[in-house]
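Enquirer: In this note's numbering, the protein residues as written are 680 to 1094.
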């Protein structure tokens, strides 16, 4: 068996390289499955990834800085999680799909529905003389979302108004503040809305959906005026404090994740195998596979001795030929067939070494060998006696003992 070449790397070095590579590979798979490798969503839309005036990136950043677990979700399955969900649908949202989502959320967790208002378009970056950056938008007046009157929770009477200077303030939850643009304020009125934030004329800007207290459903907060929570409004400290108060009132002090939906804004993605692999209940099977791979790798590193090159399937030389022949005889158990040829070859070697002339019969040759053996090895058994024992042997140990005695006598005579 030939030894392989010496490994230029130590066991610790190889273990470190394989371990780090495995951790990075698993982390990459998890990031892909969790959607962290998805492209940017700063496209000027009114969603959590938007950094324009109508986006809610500042809201997400504020909650993260306050210690909340914040995620931007892109799959419909994530909307069923028991967490605070913030929905920011665009003007073109599907009323039927949105109603279905709101109906499910009443039994899953608290929800904030922020109505869109601004007609916005992306400002092209790189125009000479323009300071516009990626994601910047220009606002072109307000527009009531058409789907507000088609929700299953009840039609919402939404209006966009221009407030006079004396009424250009909002108040609610013990706070008050100014609108970034009092000429375009969106309010709502409905028999099922319990207002908590009003403008200077007493119109509801945000309120809870009135539900039966014994129904066991979670609260739904409808924010008609998006400037209370979007980047445009977050230029004022009062709006940030109001946003935190709204979150605390919905979570009732419970530490729960805050999810910002991107599916309604066209950034959804379908689940794939990687997503399922890192999602319960399939996460348990993934962890078992990872632990099994770790055990297999550890056993490979703890293998005793250095690796050895494999032997040839068919070895070189007479030794391999003899071993194969012996193996064949052992499997067929025809031990008595080898005693005759072995005896003849031994007789020929001894006669040639002692320079005997050719004998007419084997018995005469055996008698001549006996005479020489009696003089050279008087203590050894007679040659003819050993030959008779060899020919009569039928078991392997008998045959081996007789062959060893014959070989010892032969070495004595031809020395």
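For every residue, glycine included, the Cβ atom is placed at its ideal position computed from N, Cα and C.
Report back the beta-carbon spacing between residue 910 and residue 799 to the nearest angstrom; my notes put them in contact at under 8 angstroms.
Expert: With a Cβ gap of about 11 angstroms, residue 910 and residue 799 do not count as contacting.
Enquirer: Between the segment 850-860 and the segment 887-898, can you find at least three pairs of beta-carbon atoms closer than 8 angstroms?
Expert: Contact fails: fewer than three Cβ-Cβ distances are below 8 angstroms.
Enquirer: Of the residues 845, 779, 1091 and 788, which one's Cα is nearest the Cα of residue 938?
Expert: Checked all of 845, 779, 1091 and 788; the closest Cα to residue 938 is 788.
Enquirer: So the alpha helix (DSSP H) residue 1075 belongs to, where does it begin and stop?
Expert: Segment 1075-1092, the alpha helix (DSSP H) holding residue 1075.
Enquirer: My guess is that residue 797 and residue 818 are in contact by the Cβ rule of under 8 angstroms, so how many angstroms apart are they, rounded?
Expert: Indeed, because the Cβ distance is near 5 angstroms, the residues count as touching under 8 angstroms.
Enquirer: Can you list, in chain order, the residues of its chain whose CB lies under 7 angstroms from that of residue 831, leaving out five sequence neighbours each side?
Expert: The answer, listed in chain order, is 778 and 782.
Enquirer: Does residue 866 come out as helix, strand or coil in the three-state DSSP assignment?
Expert: Strand.
Enquirer: For residue 940 versus residue 785, is the C-beta spacing smaller than 8 angstroms?
Expert: Their beta carbons are not under 8 angstroms apart, which means residue 940 does not touch residue 785 by this criterion.
Enquirer: Under three-state DSSP, which class holds residue 745?
Expert: Of the three classes helix, strand and coil, the one that applies to residue 745 here is coil, per DSSP.
Enquirer: For residue 1082, tell me which candidate among 1047, 706, 1018 and 1034 has the shortest Cα-Cα distance.
Expert: Measuring from the Cα of residue 1082, the nearest candidate turns out to be 1018.
Enquirer: Could you tell me the alpha carbon to alpha carbon distance between residue 776 and residue 722, rounded to whole angstroms?
Expert: Going from the Cα of residue 776 to the Cα of residue 722 covers about 23 angstroms.
Enquirer: Look at residue 814 and residue 886 and say whether their C-beta atoms are less than 8 angstroms apart.
Expert: No.
Enquirer: Can you grab the Cα-Cα spacing for the pair residue 734 / residue 944, in whole Å?
Expert: Near 11 angstroms, if we compare the C-alpha coordinates of residue 944 and residue 734.
Enquirer: Could you tell me whether the segment 1059-1073 touches the segment 994-1003, using the rule of 3 or more Cβ pairs below 8 angstroms?
Expert: Verdict: no, contact absent.
Enquirer: Does DSSP put residue 908 in a helix, in a strand, or in coil?
Expert: In the structure shown, residue 908 sits in coil (DSSP, three-state: anything other than H, G, I, E or B).
Enquirer: Here's the rule: buried if 16 or more other CB atoms are within 10 angstroms of the residue's CB, otherwise exposed. What is residue 1041?
Expert: Looking at its Cβ environment, which holds fewer than 16 other Cβ atoms inside 10 Å, residue 1041 is exposed.
Enquirer: Please look up how many angstroms separate the CB atoms of residue 1098 and residue 1069, rounded, as I've assumed it's under 8 angstroms.
Expert: No information on residue 1098 is available, as it lies outside the stretch 680 to 1094 that the chain covers here.
Enquirer: Between residue 835 and residue 825, is the Cβ-Cβ spacing less than 8 angstroms?
Expert: Cβ atoms of residue 835 and residue 825: not closer than 8 angstroms.
Enquirer: Near residue 1049, what residues of its chain come up, given a Cβ to Cβ distance below 6 angstroms and the 5 sequence neighbours on each side ignored?
Expert: Contacts found: 1061, 1062 and 1063.
Enquirer: State buried or exposed for residue 933, treating a residue as buried only when at least 16 other CB atoms are found within 10 Å of its CB.
Expert: It is exposed - the Cβ of residue 933 has fewer than 16 other Cβ atoms within 10 Å.
Enquirer: Taking contact to mean at least 3 C-beta pairs separated by less than 8 angstroms, is the segment 839-846 in contact with the segment 870-890?
Expert: Yes, since at least three Cβ pairs between the segment 839-846 and the segment 870-890 fall closer than 8 angstroms, the two stretches touch.
Enquirer: Who are the Cβ neighbours of residue 681 in its own chain at under 6 angstroms, not counting the five residues just before and after it?
Expert: Because residue 681 carries a pLDDT of 45, less than 50, the predicted location of this residue cannot be relied on, and the following value inherits that uncertainty. Here the set comprises 988.
Enquirer: Output the distance between the C-alpha atoms of residue 1031 and residue 1054, rounded to the nearest integer angstrom.
Expert: Whole-angstrom Cα-Cα distance: 18 angstroms.
Enquirer: What is the rounded straight-line gap between the Cα of residue 739 and the Cα of residue 838?
Expert: Computed Cα separation, rounded: 27 angstroms.
Enquirer: With burial defined as no fewer than 16 other Cβ atoms inside 10 Å of the residue's Cβ, what is the status of residue 699: buried or exposed?
Expert: Residue 699 should be labelled exposed.
Enquirer: Checking the sheet assignment: what are the DSSP bridge partners for residue 1070?
Expert: In the DSSP output, where bridge partners are listed per residue, residue 1070 has none listed.
Enquirer: Tell me whether residue 1048 sits in a helix, a strand or coil according to DSSP, three-state version.
Expert: If DSSP states are grouped into helix, strand and coil, residue 1048 belongs with the helices.
Enquirer: Can a CB atom of chain C be found closer than 8 angstroms to the CB of residue 831?
Expert: Among the chains of the structure shown, chain C does not appear; only one protein chain is present.
Enquirer: Quick one: grab the DSSP three-state call for residue 821.
Expert: If DSSP states are grouped into helix, strand and coil, residue 821 belongs with the strands.
Enquirer: Just to confirm, are residue 900 and residue 929 a CB contact at a threshold of 8 angstroms?
Expert: Yes.
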